[in-house]
Ligand code: SF4
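The following block contains the structure:
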């Protein structure tokens, strides 16, 4: 096999209770070298687009990246993918932590899980192979108890455990997965797919160092050491270490684009009580990290007194969670927000969709579309802390209104009726993250065209590439992007977006965190290229890397076309075309004609038919995957 990969795929058939290994050849590996690319290829090959998402026919893939486990900062990520129960589209979510590197160290590139086990089961992987074990005794437990029990059964405290939680067992459509209690595959409901298969956890332990597989390990280690030394000298990396993502709260509020009360406003009056200073002063107790990463952006929080005690074992709220359960729900009680984060993490729920779904229900309640008869007497108004916390539990347990909200805002709005759709701030069924595209419209292009629905990690945000003298823009020059105003929505912005999406997609193929490579942070473009060259021994160019990223995105798009999605699904919620009412961004909305023109330009640039949104045969041929055109025409 080639360097950088064992080429081994573990196939788990839960119906038959079998675990077998398959070897992929080097030609396949070159086209789909890991992570997003490998997962999307496997899902297309298995025709998962034909399966009901929560049926045994759906296929769940876990794929390590090409660089996952390399001794270099942020090389910790792995991909989980399946047809999403939240969107019905291609579903995918990346996580860091320690599980992905461990899978790679066990000599496995990907796991393909099919069928449904008759009883709760967990998958145990070690140097001696893979086995399925009973998990009825783990069903319904907190993640910490599950992790402890599996480690005790394996007699090894270093076993890495990836698991679904109560929300996944109950098939909440935005249930997540967690490894090491703090690292989440948050989006698109992969936890629900795992729960629907009666698969509680995957425990893995491996002992093969990454460098044993690499073509040239020495320069990889040298780049890794240089990155560790660089953190303090690099403003973006250092800021992430000092504040983590919660540092964004004050920045976005000052700019007037902090999504507040279900995207109705862009400034939150309670910012001083839930912004970074308050976070650091009142709840922060530690910093955490992922495998080999010197940025250490993870926060740990604790509350030991008062009505909302919070256990630091479950980490601390990231920016999305902080604002999601904060200003987005009209709440300025930091301890309660930390509690909501802990509850989501114990139930293993996606915090973005959970918070957004509650904010949607709050707006429905205030508009009189639902009332106390639906909420079990809860006064579900914006700002009601206790009601917010209660709804997190009810969604996870699917009790009362929580059962409806567990389907996400798109479905809930259809059931509630009366115009509730205008309060469902989602794309393709997935709720928007806490980034307002009215202030950075390239993010809106990503929300609209992204294969998973609204997500903020398809491409680096516009604001990083405004100033041509900035560190971030200078670092992005090798990619061929232009410096453009954040609210520019012309053809040049569409071109920038397409390049940046390919670059981010490549990061997901190789398993680098979004907060690692330039222009977002401190790994230079040439260093990403060098890491990949030294891992594989292939004479790659930067253009090759961008093509690998583009190929992965085209596979995911083809999945969506086969799943029945079309141009009408590449849209934005109406609210984003309305002006923000007050603050520094008062009066600013997205121009619908400009947005539509930019989407047409983006289809042209990507080589996708604007009528069907399918990649053209010519583009697929250019990407060396013409077989996908046959699949689309079949
Ligand atoms: S930057 Fe943060 S999330 Fe990314 S790998 Fe490092 S510690 Fe993990």
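In this note's numbering, the protein residues as written are 11 to 644. Cβ coordinates follow ideal geometry from the N, Cα and C atoms, glycine included. Please read these numbers as outputs of a predicted model, since none were measured by experiment.
Compare the C-alpha of residue i against each of the options and name the closest.
{"i": "residue 458", "options": "330, 508, 429", "result": "508"}
{"i": "residue 389", "options": "369, 406, 407, 239", "result": "369"}
{"i": "residue 476", "options": "529, 85, 15", "result": "529"}
{"i": "residue 332", "options": "537, 320, 351, 318", "result": "351"}
{"i": "residue 188", "options": "180, 182, 181, 175", "result": "175"}
{"i": "residue 359", "options": "203, 241, 184, 296", "result": "184"}
{"i": "residue 283", "options": "319, 322, 242, 340", "result": "340"}
{"i": "residue 121", "options": "106, 140, 107", "result": "140"}
{"i": "residue 91", "options": "180, 37, 143, 196", "result": "196"}
{"i": "residue 205", "options": "178, 304, 595, 223", "result": "178"}
{"i": "residue 312", "options": "640, 472, 347", "result": "347"}
{"i": "residue 50", "options": "26, 29, 75", "result": "75"}
{"i": "residue 104", "options": "133, 47, 129, 149", "result": "47"}
{"i": "residue 207", "options": "293, 516, 535, 27", "result": "27"}
{"i": "residue 150", "options": "180, 163, 160", "result": "180"}
{"i": "residue 637", "options": "304, 25, 552, 41", "result": "41"}
{"i": "residue 21", "options": "119, 109, 537", "result": "119"}
{"i": "residue 88", "options": "524, 555, 640", "result": "524"}
{"i": "residue 600", "options": "144, 643, 429, 455", "result": "455"}
{"i": "residue 144", "options": "129, 152, 153", "result": "129"}
{"i": "residue 198", "options": "364, 272, 445", "result": "364"}
{"i": "residue 557", "options": "516, 411, 606", "result": "516"}
{"i": "residue 202", "options": "407, 432, 452", "result": "407"}
{"i": "residue 302", "options": "55, 382, 111", "result": "111"}
{"i": "residue 398", "options": "337, 274, 13", "result": "337"}
{"i": "residue 287", "options": "276, 82, 260", "result": "260"}
Can you grab the Cα-Cα spacing for the pair residue i / residue j, in whole Å?
{"i": "residue 131", "j": "residue 124", "result": "13 Å"}
{"i": "residue 155", "j": "residue 326", "result": "19 Å"}
{"i": "residue 298", "j": "residue 310", "result": "7 Å"}
{"i": "residue 281", "j": "residue 593", "result": "13 Å"}
{"i": "residue 531", "j": "residue 449", "result": "21 Å"}
{"i": "residue 251", "j": "residue 526", "result": "12 Å"}
{"i": "residue 226", "j": "residue 501", "result": "41 Å"}
{"i": "residue 215", "j": "residue 138", "result": "10 Å"}
{"i": "residue 157", "j": "residue 355", "result": "14 Å"}
{"i": "residue 38", "j": "residue 211", "result": "29 Å"}
{"i": "residue 589", "j": "residue 279", "result": "19 Å"}
{"i": "residue 583", "j": "residue 548", "result": "44 Å"}
{"i": "residue 43", "j": "residue 519", "result": "7 Å"}
{"i": "residue 213", "j": "residue 323", "result": "19 Å"}
{"i": "residue 604", "j": "residue 209", "result": "46 Å"}
{"i": "residue 623", "j": "residue 386", "result": "44 Å"}
{"i": "residue 616", "j": "residue 514", "result": "15 Å"}
{"i": "residue 79", "j": "residue 72", "result": "15 Å"}
{"i": "residue 372", "j": "residue 620", "result": "36 Å"}
{"i": "residue 625", "j": "residue 568", "result": "7 Å"}
{"i": "residue 634", "j": "residue 467", "result": "26 Å"}
{"i": "residue 289", "j": "residue 335", "result": "14 Å"}
{"i": "residue 602", "j": "residue 585", "result": "11 Å"}
{"i": "residue 443", "j": "residue 366", "result": "8 Å"}
{"i": "residue 492", "j": "residue 510", "result": "11 Å"}
{"i": "residue 344", "j": "residue 640", "result": "53 Å"}
{"i": "residue 581", "j": "residue 575", "result": "12 Å"}
{"i": "residue 494", "j": "residue 429", "result": "37 Å"}
{"i": "residue 263", "j": "residue 565", "result": "37 Å"}
{"i": "residue 236", "j": "residue 521", "result": "19 Å"}
{"i": "residue 316", "j": "residue 542", "result": "50 Å"}
{"i": "residue 162", "j": "residue 171", "result": "12 Å"}
Quick one: does residue i have its CB under 8 Å from some CB of chain D?
{"i": "residue 383", "result": "Among the chains of the structure shown, chain D does not appear; only one protein chain is present."}
Given the structure, does residue i come close to ligand 3, in the sense that its CB is under 7 Å from one of the ligand's heavy atoms?
{"i": "residue 233", "result": "Looking for ligand 3 in the displayed structure turns up nothing; the ligands present are ligand 1."}
Is the stretch 599-613 in contact with the stretch 94-109, if contact means three or more CB pairs nearer than 8 Å?
-> They do not touch, by the three-pair rule.
At which residue ranges does the stretch 30-108 contain complete beta strand (DSSP E) runs of 3 or more residues, listed in the order of the chain?
-> Every beta strand (DSSP E) of 3 residues or more that sits fully in the stretch 30-108 is shown, in chain order, as 70-74, 88-93, 100-105.
Sequence ranges, beta strand (DSSP E) only - wholly within the stretch 161-248, length at least 3 | Taken in chain order, the complete beta strand (DSSP E) segments of 3 residues or longer contained in the stretch 161-248 are 170-174, 187-189, 193-195, 209-214.
What are the uninterrupted segments assigned as beta strand (DSSP E) that are 3 or more residues long and contained completely in the stretch 526-565, given in chain order?
-> None, since the stretch 526-565 contains no complete beta strand (DSSP E) of that length.
Would you call the stretch 55-67 and the stretch 164-178 touching, i.e. three or more CB-CB distances under 8 Å?
-> Contact fails: fewer than three Cβ-Cβ distances are below 8 Å.
How about the stretch 486-494 and the stretch 435-443: do they share at least three Cβ pairs that are nearer than 8 Å?
-> In short, these stretches do not touch, since the Cβ pair count stays below three.
Is it a yes or a no for the stretch 28-35 touching the stretch 11-20, going by three-plus beta-carbon pairs under 8 Å?
-> Verdict: yes, contact present.
Entirely within the stretch 284-312 and at least 3 residues each: give me those beta strand (DSSP E) ranges in chain order.
-> Listed in chain order, the complete beta strand (DSSP E) runs (minimum 3 residues) inside the stretch 284-312 are 294-298, 308-311.
Entirely within the stretch 436-486 and at least 4 residues each: give me those alpha helix (DSSP H) ranges in chain order.
-> Fully enclosed alpha helix (DSSP H) runs of 4 or longer: 451-459, 481-486.
Which full runs of the beta strand (DSSP E) of 3+ residues lie inside the stretch 575-600, going along the chain?
-> Correct list: empty.
What residue ranges within the stretch 371-445 form continuous alpha helix (DSSP H) runs of no fewer than 4 residues, ordered along the chain?
-> With a minimum length of 4 residues, the continuous alpha helix (DSSP H) runs that stay inside the stretch 371-445 are 382-385, 395-407, 411-415, 419-426.
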